[in-house]
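Asks: Residues 74 to 512 (our numbering) are what the sequence shown spells out, left to right.
We treat Cβ as the ideally placed atom computed from N, Cα and C, and that holds for glycine.
Quantities reported herein were computed from a predicted structural model and do not represent experimental measurements.
My structure is below; once you've seen it, I'll send some questions.
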Amino acid sequence: MGSSKDVSSSKTWKWGVGLFYIFLVATIWIAASYVVQSVVDAGVSPFLVTYICNSLFVVLIPIVEIGRYLEDSHWDLWFRRNAKKRDNRLRESEQAILLDVGNKVVVESSSVIMEEIDDNVDVSDRKRDGSELLPWEKVVEGLSDEVKLIGNVGDQLDEKGRWTRSRVARVSLLICPFWFFAQLTFNLSLKYTTVTSNTILSSASSLFTFLVSLAFLGERFTWLKFFSVLLCMGGTIIVSLGDSKNGSSAAASNPLLGDIFSLVSAGLYAAYITLIRKKLPEDDGKSGEASMAQFLGYLGLFNVLIFLPVALVLNFTMVEPFHTLTWKQFSLIIGKGLLDNVLSDYLWAKAVILTSTTVATAGLTIQVPLAAIVDTVIGKAPRLMDYLGAVAVMIGFAGINIPSDIFSKSTEAEVELENEKLSIRNQELTLPRAQDSTA
Numbered sequence: 074m075g076s077s078k079d080v081s082s083s084k085t086w087k088w089g090v091g092l093f094y095i096f097l098v099a100t101i102w103i104a105a106s107y108v109v110q111s112v113v114d115a116g117v118s119p120f121l122v123t124y125i126c127n128s129l130f131v132v133l134i135p136i137v138e139i140g141r142y143l144e145d146s147h148w149d150l151w152f153r154r155n156a157k158k159r160d161n162r163l164r165e166s167e168q169a170i171l172l173d174v175g176n177k178v179v180v181e182s183s184s185v186i187m188e189e190i191d192d193n194v195d196v197s198d199r200k201r202d203g204s205e206l207l208p209w210e211k212v213v214e215g216l217s218d219e220v221k222l223i224g225n226v227g228d229q230l231d232e233k234g235r236w237t238r239s240r241v242a243r244v245s246l247l248i249c250p251f252w253f254f255a256q257l258t259f260n261l262s263l264k265y266t267t268v269t270s271n272t273i274l275s276s277a278s279s280l281f282t283f284l285v286s287l288a289f290l291g292e293r294f295t296w297l298k299f300f301s302v303l304l305c306m307g308g309t310i311i312v313s314l315g316d317s318k319n320g321s322s323a324a325a326s327n328p329l330l331g332d333i334f335s336l337v338s339a340g341l342y343a344a345y346i347t348l349i350r351k352k353l354p355e356d357d358g359k360s361g362e363a364s365m366a367q368f369l370g371y372l373g374l375f376n377v378l379i380f381l382p383v384a385l386v387l388n389f390t391m392v393e394p395f396h397t398l399t400w401k402q403f404s405l406i407i408g409k410g411l412l413d414n415v416l417s418d419y420l421w422a423k424a425v426i427l428t429s430t431t432v433a434t435a436g437l438t439i440q441v442p443l444a445a446i447v448d449t450v451i452g453k454a455p456r457l458m459d460y461l462g463a464v465a466v467m468i469g470f471a472g473i474n475i476p477s478d479i480f481s482k483s484t485e486a487e488v489e490l491e492n493e494k495l496s497i498r499n500q501e502l503t504l505p506r507a508q509d510s511t512a
């Protein structure tokens, strides 16, 4: 009972941390949107902004490597200290084994091979029974742990149970195109359509993510989650329509093309966060520990290598020339990339693993009411539609965070209660009969 409560409290804690990360990400995105708007209005291309910001993920690689070096150094020091203790325990166990009656010992080149005469005795059974292990059984148990550790290395894990660099790099390479084009199509849509249309169509990503999670991640379908996702989308649409009535400065040069880019971005968004959830599972002690920072670092590295030829072609053909970028604009892009891409995407990816893809996607819609609050602070008071939309988003967000099995648990509890009542009634009916038969 105690272990199940600990697991439940641990899951609740992780879920709460994930929700806190989602709130931080939404706040960062609101702040960064003002920077992006000023840079794009100055004539900087969406491709260049996307390429520079995504490439900044490479700063995480040296940070991760320094951390691994310090961890490895500490591990080696700990390993050397415990090696002597392990050798002493092995010698003591060897002496105890040689004196132990009922065991046959064969010593070959300083290695000890133990054979128990009674083959019916199992170490695992003795541990479960609470019996004290014999000296040779303790040695066998220690050797089995070392064998398991060596086996993890063969499963693309290092000696500490971490994912190897090549394994993380392969996942980053797979997700990199989805990540890049999702952000590129989103930025391109802002160039051709209005912010209102972009926000409305991009809100479909929560529904796409919910459907993809049902199909590929085995996420449980509930009508509560379905209607909660619709509420989040509806609230976003209401706020966006209210914003359009206030007037917008965005120029829609090609609305149809911009709307298509928004829908493509929503679909790619759902695809890559589902891949993150699928390929980078939560560290449960079985699949090993995957570093999210290392994953994002390799993501930035592949972004630089894969899309550098495209950037050079666009520069030399004068389609997207680099020389038009001023130092002020470059500084703003770097600052935006470090804050909005590196930090917020790291927190967001962690939130996906700690919660779920649907919660992480729909949860980011809270940036809409947060933006309304910011507009109020800067002197642009929201209208009634803004408040209605904010309420819809909050209710939908709360509905999504209700565990899927809460109703099934209550149903199971009712069934168990009915079964207990039925068994009690059967006992009451059979008890007099038993007494009569004895009489």
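Using DSSP with H/G/I as helix, E/B as strand and the rest coil, what is Leu230?
Replies: strand
Asks: Measuring CB to CB, does Phe368 end up less than 9 Å from Leu257?
Replies: no
Asks: Assuming Ala384 is part of the alpha helix (DSSP H), what are its boundary residues?
Replies: Note, Ala384: alpha helix (DSSP H), Met365 to Phe389.
Asks: Spatial neighbours of Cys249 within its chain, please: C-beta separation below 8 Å, excluding the five flanking residues on both sides.
Replies: Leu372, Phe375, Asn376 and Ile379
Asks: With which residues is Arg235 paired in a DSSP beta bridge?
Replies: Glu362
Asks: Could you tell me the distance, in whole angstroms, from the CA atom of Ser111 to the CA atom of Asp332?
Replies: 22 Å
Asks: Got a sec? Which residues, its chain only, sit under 6 Å from Tyr124 by beta carbon, not counting five neighbours each side?
Replies: Phe380 and Ala384
Asks: Look up Leu261 in the DSSP assignment and say whether it is helix, strand or coil.
Replies: helix
Asks: If you follow the alpha helix (DSSP H) that Gly291 is part of, which residue opens it and which one closes it?
Replies: That residue, Gly291, is in no alpha helix (DSSP H); it is neither H nor E in DSSP.
Asks: How about Leu97 and Ala366: do their beta carbons lie closer than 9 Å?
Replies: no
Asks: Run through DSSP, which three-state label would Phe395 get?
Replies: coil
Asks: Using beta carbons (cut-off 9 Å, strictly below), is Gln256 in contact with chain C?
Replies: Of the protein chains in the structure, only one exists, and it is not chain C.
Asks: Assess contact between the segment 327-344 and the segment 281-288, defined as three or more Cβ pairs (one per stretch) separated by less than 8 Å. Is contact present?
Replies: yes
Asks: Can you check which of these residues, Ser128, Gly91 and Lys87, is closest to Leu411 by C-alpha distance?
Replies: Ser128
Asks: Return helix, strand or coil for Leu353, following the three-state DSSP convention.
Replies: Here Leu353 sits in coil by DSSP.
Asks: Rounded to whole angstroms, what's the CA-CA distance from Ser483 to Val108? Just pull it up for me.
Replies: In this prediction, Ser483 has a pLDDT of 49, which is less than 50 and means its spatial position is unreliable; what the coordinates show is noted afterwards. Computed Cα separation, rounded: 49 Å.
Asks: According to DSSP, simplified to helix, strand and coil, what is Val108?
Replies: helix
Asks: Quick check on DSSP: helix, strand or coil for Asn127?
Replies: helix
Asks: Taking C-alpha atoms, which residue in Phe130, Leu143, Val464 and Ile139 lies nearest to Ile310?
Replies: Ranking the options by Cα distance to Ile310, first place goes to Val464.
Asks: What's the gap between the Cα of Val466 and the Cα of Asn388?
Replies: 42 Å
Asks: Ignore the nearest five residues each way along the sequence and tell me which others in Val55's own chain have a CB closer than 7 Å to its CB.
Replies: With the chain covering only 74 through 512, there is no way to say anything about residue 55.
Asks: Count the other CB atoms, across all protein chains shown, that sit within 10 Å of the CB of Trp421; report buried if there are 16 or more and exposed otherwise.
Replies: buried
Asks: Ordered along the chain, which non-local residues of its own chain (more than five positions away) have a Cβ less than 7 Å from that of Val337?
Replies: Thr258
Asks: What three-state label does DSSP hand Ala344 in the structure shown?
Replies: helix
Asks: Look at Ser67 and Ile468 and say whether their C-beta atoms are less than 9 Å apart.
Replies: Limits of the chain in this structure are 74 at one end and 512 at the other, which puts residue 67 out of reach.
Asks: Mind checking whether Val415 and Phe93 have CB atoms under 9 Å apart?
Replies: Their beta carbons are not under 9 Å apart, which means Val415 does not touch Phe93 by this criterion.
Asks: Mapping the DSSP letters down to three states, classify Asn414 as helix, strand or coil.
Replies: Asn414 falls in the helix class under three-state DSSP.
Asks: How is Val513 classed by DSSP in three states: helix, strand or coil?
Replies: Outside the shown range of the chain (74 to 512) lies residue 513, about which nothing can therefore be said.
Asks: Going by CA-CA distance only, name the one from Ser83, Gly462, Ile136 and Trp400 that's closest to Leu303.
Replies: Shortest Cα-Cα distance from Leu303 to any of Ser83, Gly462, Ile136 and Trp400 involves Gly462.
Asks: Give the straight-line distance between the Cα atoms of Ser118 and Leu330, rounded to the nearest whole angstrom.
Replies: 17 Å
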